[in-house]
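Per the numbering used here, the sequence shown starts with residue 81, numbered consecutively.
The C-beta atom is built at its ideal place from N, Cα and C for all residues, glycine as well.
In this text the structure is predicted, and so the values were computed from the model without any measurement.
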Amino acid sequence: MFELIKNFLAENIHSQYSDALIDIVLVLFIAAVSVAVFYASRFVLGWVERHIVLRTATTWDDDLLNPRFLSAVSQLAPALVVRWMLPGFFGVSAASFHWLGVLTSLYIVASVVYIVVVLINNLFSAFERRPKLKEYAVRSFRQTLILIVVLVGTVIGIGILIGRNPLGILTAFGATAGILMLVFKDTILGFVASVQLTANNMLRRGDWIVSERHGANGEVLDITLTTVKIRNWDNSVSTIPPYSLVSDSFRNYQPMRASGGRRVERSVFIDVNSVRFCSDTELAGLERLGWLDGLTVGEAGRTVNLNLLRRYLERYLATHPALNHDMMSMVRQMEPTPSGLPLQLYFFTKTTEWKEFEQLQSDIFDHVYATVQLFGLRIFQTPAGADLRQL
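Okay, here's the thing in structure tokens:
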């Protein structure tokens, strides 16, 4: 076909500049065919989008094969046509073909890189639109894949431009690897740390984490190659290098949210001087008020008021409707301190939301503080100004 077109032009162009005119006509012919192929490919891909992609039951093809991706593919078609037609008309050894071929090859490489980058962005955007896959749309992975694709395309482009094998260029880059590692140290460390954080399921977007060293306490907004962005509960934003989270410890509250229970581990300090045996009158008064319902009470003079309080609080926690009874619940004595005898309440709430959790915890301990004195006990408190004035 190429020879027939060239022979036809040679027979119909008679001029002292016939060779140059033939070359110009051939270049214009290639350009016209390329433009025609471009519009034809856009028409075909548009038809595929309207009649196939948008009509399928799944939405994955809508996200991946969106108009931006199809437009990128249509831009590749004319370059392939030019790359196919140039050697047919001009031959491989022609100087004009060489530079046109080099430019066309570079355009093809750039188009392929652009298509792959668009596909990667579409894939991660599709993850972000799906609640079950949103946590896997880690921005650092997207940036890493795009960086690798761009580097590979750059190496191939340099190889085409200087006429060398891309593998040889990679070998030459090995000599400057030390300098590159020094320049991109933070990026390399961030990439490795991001892979560790995500692969070991240590951190994902939306997690509530606390990093005391960096003063961060809030929800993870984004994870990139160089930073982890955290919105603190005071609405400030902290940025932490990923490798700092790998090398240092941090606390992730997301498993607590998923468990369906949030722990309360808090103590009430009892004045040890108020611990004593209960009298008949005290036991009768507590029983009349219903505070001893369901409790086995010993003889008067042998029942310790602190023991009754502890057993009452255990029953109170065991019957509280807002607590998670599938998890551990107990009331225990801790080792005495100069500030009194700690009576610790250990239980889990059903809610994990911060505000509701704090309200429920406060309501329970309001009840505890009001109950302590009914059992003849006192809460230890360091003497204040009013106490000293009474003395």
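Inter-residue Cα distance where the pair is residue i and residue j
{"i": "T429", "j": "M414", "result": "22 Å"}
{"i": "I226", "j": "V197", "result": "6 Å"}
{"i": "R122", "j": "L156", "result": "11 Å"}
{"i": "T138", "j": "V128", "result": "15 Å"}
{"i": "Q461", "j": "F204", "result": "57 Å"}
{"i": "D373", "j": "I350", "result": "23 Å"}
{"i": "L199", "j": "T224", "result": "14 Å"}
{"i": "W434", "j": "D302", "result": "22 Å"}
{"i": "F207", "j": "V344", "result": "36 Å"}
{"i": "S274", "j": "I268", "result": "10 Å"}
{"i": "N404", "j": "L393", "result": "16 Å"}
{"i": "R356", "j": "N385", "result": "6 Å"}
{"i": "Y449", "j": "G456", "result": "12 Å"}
{"i": "W313", "j": "R337", "result": "16 Å"}
{"i": "T533", "j": "S154", "result": "It is not possible to answer for residue 533, since the shown part of the chain is limited to 81 through 471."}
Residues that DSSP places opposite residue i in a beta bridge
{"i": "L425", "result": "R346 and V411"}
{"i": "S121", "result": "According to DSSP, S121 bridges with nothing at all."}
{"i": "A472", "result": "Missing from the structure shown is residue 472; the chain here goes from 81 to 471 and no further."}
{"i": "G420", "result": "T417"}
{"i": "L375", "result": "Beta-bridge pairing links L375 to no other residue."}
{"i": "I303", "result": "V308"}
Rounded Cβ spacing between residue i and residue j (contact assumed at less than 8 Å)
{"i": "R458", "j": "S354", "result": "4 Å"}
{"i": "R342", "j": "T234", "result": "Contact doesn't hold; Cβ gap of about 50 Å is too wide."}
{"i": "Y323", "j": "G270", "result": "6 Å"}
{"i": "C358", "j": "T383", "result": "5 Å"}
{"i": "D143", "j": "N202", "result": "6 Å"}
{"i": "V189", "j": "I240", "result": "7 Å"}
Limits of the unbroken beta strand (DSSP E) element including residue i
{"i": "W288", "result": "W288 to S291"}
{"i": "I132", "result": "Note, I132: premise wrong, no beta strand (DSSP E); not H, not E."}
{"i": "R311", "result": "V308 to N312"}
{"i": "V355", "result": "It is not in any beta strand (DSSP E) - V355 carries neither H nor E in the DSSP assignment."}
{"i": "A338", "result": "No beta strand (DSSP E) holds A338; the alpha helix (DSSP H) holding it covers Q334 to S339."}
{"i": "V317", "result": "V317 to I320"}
Residue range of the unbroken alpha helix (DSSP H) whose run includes residue i
{"i": "L366", "result": "D360 to L369"}
{"i": "L386", "result": "N385 to A398"}
{"i": "E436", "result": "W434 to V452"}
Cβ pair count under 8 Å reaching 3, the stretch 108-124 against the stretch 151-167: yes
Contact between the stretch 393-402 and the stretch 440-449 (3+ Cβ pairs under 8 Å): yes
Three or more C-beta pairs below 8 Å linking the stretch 286-300 and the stretch 324-338: yes
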